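Colleague: Just so you know, the sequences run in chain order E and W. Here the numbering used here is used: the first residue of the first sequence is 51, the next is one more, and so on. Here the numbering used here is used: the first residue of the second sequence is 98, the next is one more, and so on. My questions all concern the structure below.
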Amino acid sequence: MTTTFEAFQTRAAAVSAEVHRFATRHEGLAFIEGFLREVGVSEAPGSGAVWVEGSFLEGIGSAHVSSQVPGVSFEVTREASACAKVGISQLDWAIAATGTLVQDATAVEKRLVSTLPPIHLAVLGTERILADFNSVLQRLQPEQINYIAFITGPSRTADIERVLTIGVHGPERLIVVVVDEFEKVTA
Amino acid sequence: MTTEFKDSIETALHNPNLTGALGRFSEAYRISRAKAYEGIDFEAVRDRIAEVKGNACSRFEELAEQFKANAERRGAKVFRTSDPAEVKRYILDLAKAQNVQSVVKSKSMASEEIHLNKAFEQAGIQVDETDLGEWIIQLAHQTPSHMVMPAIHMTKEEVAEVFSQEVEAGQAPDIPKLVKFARGKLRPKFLAADMGITGANIAVAETGSLVIITNEGNARLVTTLPRIHVAIVGIEKLVAQVADIDPILTALPRSATGQLLTSYVSMLSGQVPNTDGSPKDLHIILMDNHRSDMVKDPKFKEALQCIRCATCLNVCPVFRLVGGHVFGKTYTGGIGTILTAWFDELKKSEDIQGLCIQCGSCVPVCPGKIDIPGLILELRRRLVVEQGQSLAMKAIFGVVNNRRLFHSMLRMAAVTQKPFKQGRFIRHLPLFLSDMTDFRSLPAIAPEPFRDKVKAIAQPKQAEKVVFYAGCLIDFAYPETGTALVKILNKAGIEVVFPEDQTCCGAPARYSGAYEVAAQNARDNIKALLETDATYVVSACPTCTVALKHDFLDTFKTLGITDAMGEAQRLSDRTIDFSSLVKKLVDEGRLTFKEGQHLGKITYHDSCHLKRTLKATDEPRELLQKAGHEIAEMYECDTCCGMAGSYSLKLPEISAPILERKLKNIKDTGADKVVMDCPGCVMQIRGGLDKDGSPIQVEHTAERLEDRFE
Numbered sequence: 051m052t053t054t055f056e057a058f059q060t061r062a063a064a065v066s067a068e069v070h071r072f073a074t075r076h077e078g079l080a081f082i083e084g085f086l087r088e089v090g091v092s093e094a095p096g097s098g099a100v101w102v103e104g105s106f107l108e109g110i111g112s113a114h115v116s117s118q119v120p121g122v123s124f125e126v127t128r129e130a131s132a133c134a135k136v137g138i139s140q141l142d143w144a145i146a147a148t149g150t151l152v153q154d155a156t157a158v159e160k161r162l163v164s165t166l167p168p169i170h171l172a173v174l175g176t177e178r179i180l181a182d183f184n185s186v187l188q189r190l191q192p193e194q195i196n197y198i199a200f201i202t203g204p205s206r207t208a209d210i211e212r213v214l215t216i217g218v219h220g221p222e223r224l225i226v227v228v229v230d231e232f233e234k235v236t237a
Numbered sequence: 098m099t100t101e102f103k104d105s106i107e108t109a110l111h112n113p114n115l116t117g118a119l120g121r122f123s124e125a126y127r128i129s130r131a132k133a134y135e136g137i138d139f140e141a142v143r144d145r146i147a148e149v150k151g152n153a154c155s156r157f158e159e160l161a162e163q164f165k166a167n168a169e170r171r172g173a174k175v176f177r178t179s180d181p182a183e184v185k186r187y188i189l190d191l192a193k194a195q196n197v198q199s200v201v202k203s204k205s206m207a208s209e210e211i212h213l214n215k216a217f218e219q220a221g222i223q224v225d226e227t228d229l230g231e232w233i234i235q236l237a238h239q240t241p242s243h244m245v246m247p248a249i250h251m252t253k254e255e256v257a258e259v260f261s262q263e264v265e266a267g268q269a270p271d272i273p274k275l276v277k278f279a280r281g282k283l284r285p286k287f288l289a290a291d292m293g294i295t296g297a298n299i300a301v302a303e304t305g306s307l308v309i310i311t312n313e314g315n316a317r318l319v320t321t322l323p324r325i326h327v328a329i330v331g332i333e334k335l336v337a338q339v340a341d342i343d344p345i346l347t348a349l350p351r352s353a354t355g356q357l358l359t360s361y362v363s364m365l366s367g368q369v370p371n372t373d374g375s376p377k378d379l380h381i382i383l384m385d386n387h388r389s390d391m392v393k394d395p396k397f398k399e400a401l402q403c404i405r406c407a408t409c410l411n412v413c414p415v416f417r418l419v420g421g422h423v424f425g426k427t428y429t430g431g432i433g434t435i436l437t438a439w440f441d442e443l444k445k446s447e448d449i450q451g452l453c454i455q456c457g458s459c460v461p462v463c464p465g466k467i468d469i470p471g472l473i474l475e476l477r478r479r480l481v482v483e484q485g486q487s488l489a490m491k492a493i494f495g496v497v498n499n500r501r502l503f504h505s506m507l508r509m510a511a512v513t514q515k516p517f518k519q520g521r522f523i524r525h526l527p528l529f530l531s532d533m534t535d536f537r538s539l540p541a542i543a544p545e546p547f548r549d550k551v552k553a554i555a556q557p558k559q560a561e562k563v564v565f566y567a568g569c570l571i572d573f574a575y576p577e578t579g580t581a582l583v584k585i586l587n588k589a590g591i592e593v594v595f596p597e598d599q600t601c602c603g604a605p606a607r608y609s610g611a612y613e614v615a616a617q618n619a620r621d622n623i624k625a626l627l628e629t630d631a632t633y634v635v636s637a638c639p640t641c642t643v644a645l646k647h648d649f650l651d652t653f654k655t656l657g658i659t660d661a662m663g664e665a666q667r668l669s670d671r672t673i674d675f676s677s678l679v680k681k682l683v684d685e686g687r688l689t690f691k692e693g694q695h696l697g698k699i700t701y702h703d704s705c706h707l708k709r710t711l712k713a714t715d716e717p718r719e720l721l722q723k724a725g726h727e728i729a730e731m732y733e734c735d736t737c738c739g740m741a742g743s744y745s746l747k748l749p750e751i752s753a754p755i756l757e758r759k760l761k762n763i764k765d766t767g768a769d770k771v772v773m774d775c776p777g778c779v780m781q782i783r784g785g786l787d788k789d790g791s792p793i794q795v796e797h798t799a800e801r802l803e804d805r806f807e
């Protein structure tokens, strides 16, 4: 497991994603809360965070998070996402070979929080990291899922003079929080 | 070539921004591509792509119907049409019926192909490109110059100026700021648009899925925010099954941008919810536009294996000089030339097909395994069949097809060139011929051709005979190369036979599309070269070797000539290039190098046909090293020198800067000799160095090895 994680981390870091690993959900959550405070998430206009709930918060509760960090909203709308600073969602799989996150993104909320805010924070269970594209494709069934999203690092362009520039239309930062406590971090 | 076309080349060549940007890119591209493919078996990947896409295009009709059924089952509306006008009508009708005020687009070459934006503008509907490069191009009222990087021809200063003029005054030429500016200006457009338009990189029949690949994230917004999504998909994007995605997704990012994977890959299968909870109105247009005609063409079918990575542009020595716009409005570069001829019309490729220098650089790196130069040659041939050869070319080929006349004219030239000759060179030609000697000297026709010289060489009679095919350049300009070859083979106990009736190999005719002329050359040579019972037919010109070994067969096959195929095959089996033969003789112990020689540093230039068709790269190097030389490899040692037969006569303005680059790379090694296996390259490089007044010596491998054996 460790080697798969490390391969993922190396590849993801190579494409400017920031990867953090924690043993438990509580440790992961503490990091997330600290991060949200650090980037200035608050109830002020344009400073909110939108979070699509997943199993990660099971038994912890969204109310707990909102009380710890005011400005975090679990009601994900187009308008809220368009003016949020951070979008948070739980990802289904990851690919070690390319540092890629994979998600059944059929629910529009999952796409809103990972496309509109300038920072996307992704939560992932360590055991969800698989070796390669095919291993993931075998588990995700395109014949049943209508929108599968593969995300490898933040949004980027090299369209002007081929100079790599991060953050065009999508997030300019991608933070990946990987948690070992897998039974609660499965999609 | 039209004056307009020549002018567009001239403009491109005199744009330092363009040539500078493309030159730097082509250098960086090679490195990033190689790095991205580390640990990947490229040959295996492209075998799979060729198989997957080749099979798919044989089954277009079936796969298109299967795709339609599966996508419609999942809520999409699928519209199939062969007509670009129908595509536009469908989208405009939909926009009107749905009261669409504004449209956002992610990058789609299919929409460029049918000039969709113009149709929207005419209908009074606001349409905005959202891919940064495409947006810049749209604001600048230009067309894309590159399939992957549409605005690669523009500098940040030009972009800032376009933004300032078209969007908001005062933009500084600062790339991160320009990118931020684009994000800020386009975000409200994404949020306001009623309709989003995308292309697709792959369409999977068994699931009705579209695979869309981007880096900027714009396609995710285009497919998420507007209530209507229209995808325009060329039917060549179809594959049978989900498993077929893998090789394409392995190659496309690596070949296109040197990435292991792009930032975003979206796999959409049917309807998804809109932000208000309603189901997305999803329309998929499967567009044919002559693609199924290509499937029916046994030669051009393989062009549909293209995955639009633009590698053939990135490695092309001509593209990096002239950029994309000289190729036309949509698809550019090598593959673009082929697609334009089909999606538009054959005649549209008349000028641009001439840009291909036939160096073959794109062949080993094409993920779709498409023989791009081969197909461009086929375009050339069809143009000649359709429109006939020009009078001047007809006159030339009339001469080439009559060996006695051709050779007596060459002998006559040896006399008439005298006023222009300075030593072994012609340094200046007057009037309209001056283009040919502006950037390099030409070799003077030798006073005594090899066919006369060979009679004076006293060869020991031997049981084993090898037939020597000299080719025009060695015969009439560089007979000393032939003499060296005879001397070396004699040392191996071989008698060299020179059949007098051998004539031009037909390459000039074939590369001009005049296959009938080439076929007659082939027949004459086959007869002359097979007369002697010899172990090998050897040539010291890679282009001639390729003609004897491959082109005669292909010319006959293309023209449906069957009676000469057997003989052509016999000649092919017997033909070998000089270095490969000598290496064989050394390996067999029939030639022994003089021992203990320290001959100093040289550099070696790989000739296009030797490296990429005959695949002999190690043989000449090994021989030169064993002789006692140290090889200082030059940068881009296998990049074309710009000679390419008559190319340097037709497009001297392109040939000259390609040569200039080659000369710089040679000089940078610090070697005082550059060695090569092709007399055409000798002519180009020796002529260039002479013009420069450089002391670097240019030699054919045969000459370099002449006195190196015991």
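C-beta atoms are modelled at their ideal positions from N, C-alpha and C, and glycine is treated no differently. Source: prediction; values computed, not measured.
Give the interface partners of Asp343/W over in chain E, defined as CB-CB distance under 8 Å, in chain order.
Modeller: Going along chain E in sequence order, the residues near Asp343/W (Cβ under 8 Å) are Phe183, Asn184 and Leu187.
Colleague: Please classify Val276/W as buried or exposed, where buried requires at least 16 other C-beta atoms within 10 Å of its C-beta.
Modeller: Label assigned to Val276/W: buried.
Colleague: Given that a residue counts as buried once 16 or more other Cβ atoms are within 10 Å of its Cβ, and exposed if not, what is Thr148/E?
Modeller: With 16 or more Cβ atoms within 10 Å of its Cβ, Thr148/E is classed as buried.
Colleague: With respect to the beta strand (DSSP E) encompassing Arg805/W, which residues constitute its N-terminal and C-terminal limits?
Modeller: Run containing Arg805/W: none; DSSP gives neither H nor E here.
Colleague: Tell me whether Val70/E sits in a helix, a strand or coil according to DSSP, three-state version.
Modeller: The displayed chain sequence assigns His, not Val, to residue 70/E. Reduced to three states, the DSSP call for His70/E is strand.
Colleague: Keeping to the same chain, check which residues put their C-beta closer than 8 Å to that of His695/W; ignore five residues upstream and five downstream.
Modeller: So the qualifying residues of the chain are Gly725.
Colleague: For Gln484/W, is the classification buried or exposed, using 16 other Cβ atoms within 10 angstroms of its Cβ as the cut-off for buried?
Modeller: The residue is exposed, with fewer than 16 neighbouring Cβ atoms inside 10 Å.
Colleague: Look at Lys396/W and Leu472/W and say whether their C-beta atoms are less than 8 Å apart.
Modeller: Yes; because the gap between Cβ atoms is below 8 Å, this pair is in contact.
Colleague: Please decide whether Arg671/W counts as near chain E, where near means a Cβ-Cβ distance under 8 Å.
Modeller: Taking Cβ atoms only, chain E never reaches closer than 8 Å to Arg671/W, which makes this a no.
Colleague: Which of the three DSSP states is assigned to Glu101/W in this structure?
Modeller: In this structure, Glu101/W counts as helix in the three-state DSSP scheme.
Colleague: Is the distance from the Cβ of Ala606/W to the Cβ of Val614/W below 8 Å?
Modeller: Yes, the Cβ-Cβ distance between Ala606/W and Val614/W is below 8 Å.
Colleague: How far does the beta strand (DSSP E) with Asp154/E in it reach, from first residue to last?
Modeller: It spans Thr150 to Asp154 - the beta strand (DSSP E) in which Asp154/E sits, taken as one unbroken run.
Colleague: Looking at chain E, which residues of the region 118-142 of chain W have a Cβ within less than 7 Å of any of its Cβ atoms?
Modeller: Those residues of the region 118-142 of chain W that come within reach of chain E (Cβ to Cβ, closer than 7 Å) are Ala118 and Phe122.
Colleague: State the DSSP-derived secondary structure class of Glu750/W, mapped to helix, strand or coil.
Modeller: Helix.
Colleague: In or out: Cys133/E buried (at least 16 other Cβ within 10 Å) or exposed?
Modeller: The residue in question, Cys133/E, is exposed, as its Cβ has fewer than 16 Cβ neighbours within 10 Å.
Colleague: Can you find the residues in the same chain that come closer than 6 Å, C-beta to C-beta, to Glu475/W, ignoring five residues on each side of it along the sequence?
Modeller: Around Glu475/W: Lys396.
Colleague: Contact check, Leu318/W vs Thr156/E under 8 Å by CB: the rounded distance?
Modeller: Incorrect: roughly 16 Å between the Cβ atoms, too far for contact.
Colleague: Taking C-beta to C-beta, are Ser531/W and Ser743/W nearer than 8 Å?
Modeller: Cβ atoms of Ser531/W and Ser743/W: not closer than 8 Å.
Colleague: Classify Asp448/W: buried if its beta carbon has 16 or more other beta carbons within 10 angstroms, exposed otherwise.
Modeller: Asp448/W should be labelled buried.
Colleague: Looking at Arg130/W and Met244/W, is the spacing between their C-beta atoms short of 8 Å?
Modeller: No, they are not a contact pair.
Colleague: Whose Cβ in chain W lies nearer than 8 Å to the Cβ of Pro204/E?
Modeller: Residues of chain W passing the Cβ test: Ser360.
Colleague: Indicate the three-state DSSP secondary structure (helix, strand or coil) for Thr854/W in the structure shown.
Modeller: Summary: the structure shown does not reach residue 854/W, with chain W confined to residues 98 through 807, and so no result is reported for it.
Colleague: Which ranges does the beta strand (DSSP E) cover as unbroken runs of at least 3 residues, wholly within the region 151-206 of chain W, from first to last along the chain?
Modeller: Entirely contained in the region 151-206 of chain W, the beta strand (DSSP E) runs reaching 3 residues are, in chain order, 174-178 and 199-202.
Colleague: Glu218/W: buried (16+ other C-beta within 10 angstroms of its C-beta) or exposed?
Modeller: It counts as exposed.
Colleague: Return the Cβ separation of Ala173/W and Gly367/W in integer angstroms, given the expectation that the two are a contact with Cβ distance under 8 Å.
Modeller: That pair is a contact at about 5 Å.
Colleague: Considering only C-alpha positions, which residue in the set Asp378/W, Cys601/W and Pro270/W is nearest to Val327/W?
Modeller: Val327/W has its Cα closest to that of Asp378/W, out of Asp378/W, Cys601/W and Pro270/W.
Colleague: Taking DSSP's pairing of strands, which residues face Leu224/E in a bridge?
Modeller: DSSP lists His170/E as partners of Leu224/E.
Colleague: Report yes or no: is there a C-beta of chain W within less than 8 Å of the C-beta of Pro95/E?
Modeller: Chain W, which has no Cβ nearer than 8 Å to the Cβ of Pro95/E, makes this no.
Colleague: Under 7 Å Cβ-Cβ, which residues of chain E neighbour Thr304/W?
Modeller: Within 7 Å Cβ-Cβ: Pro192 and Glu193.
Colleague: Under 8 Å, do Met506/W and Val496/W count as touching if we go by C-beta distance?
Modeller: Yes. Within cutoff.
Colleague: List the residues of chain E that Lys253/W touches, going by C-beta distances under 9 Å, in chain order.
Modeller: Residues of chain E passing the Cβ test: Ile210, Glu211 and Val213.
Colleague: Output, in chain order, the set of chain W residues within a Cβ distance shorter than 8 Å of Phe200/E.
Modeller: Per Cβ cutoff of 8 Å: Leu358, Tyr361, Val362, Ser363 and Met364.
Colleague: Checking 8 Å against the spacing of the C-beta atoms, do Leu283/W and His76/E come in under that value?
Modeller: Their beta carbons are not under 8 Å apart, which means Leu283/W does not touch His76/E by this criterion.
Colleague: Measuring straight from C-alpha to C-alpha, what distance separates Phe503/W and Ala644/W?
Modeller: Spanning the two alpha carbons is a distance of roughly 19 Å.
Colleague: If you measure from the beta carbon of Met780/W to each beta carbon in chain E, is any gap under 8 Å?
Modeller: No, because no Cβ of chain E sits closer than 8 Å to the Cβ of Met780/W.
Colleague: Between which two residues does the beta strand (DSSP E) containing Asp138/W stretch?
Modeller: Looking at the DSSP string, Asp138/W is not in any beta strand (DSSP E), and its letter there is neither H nor E.
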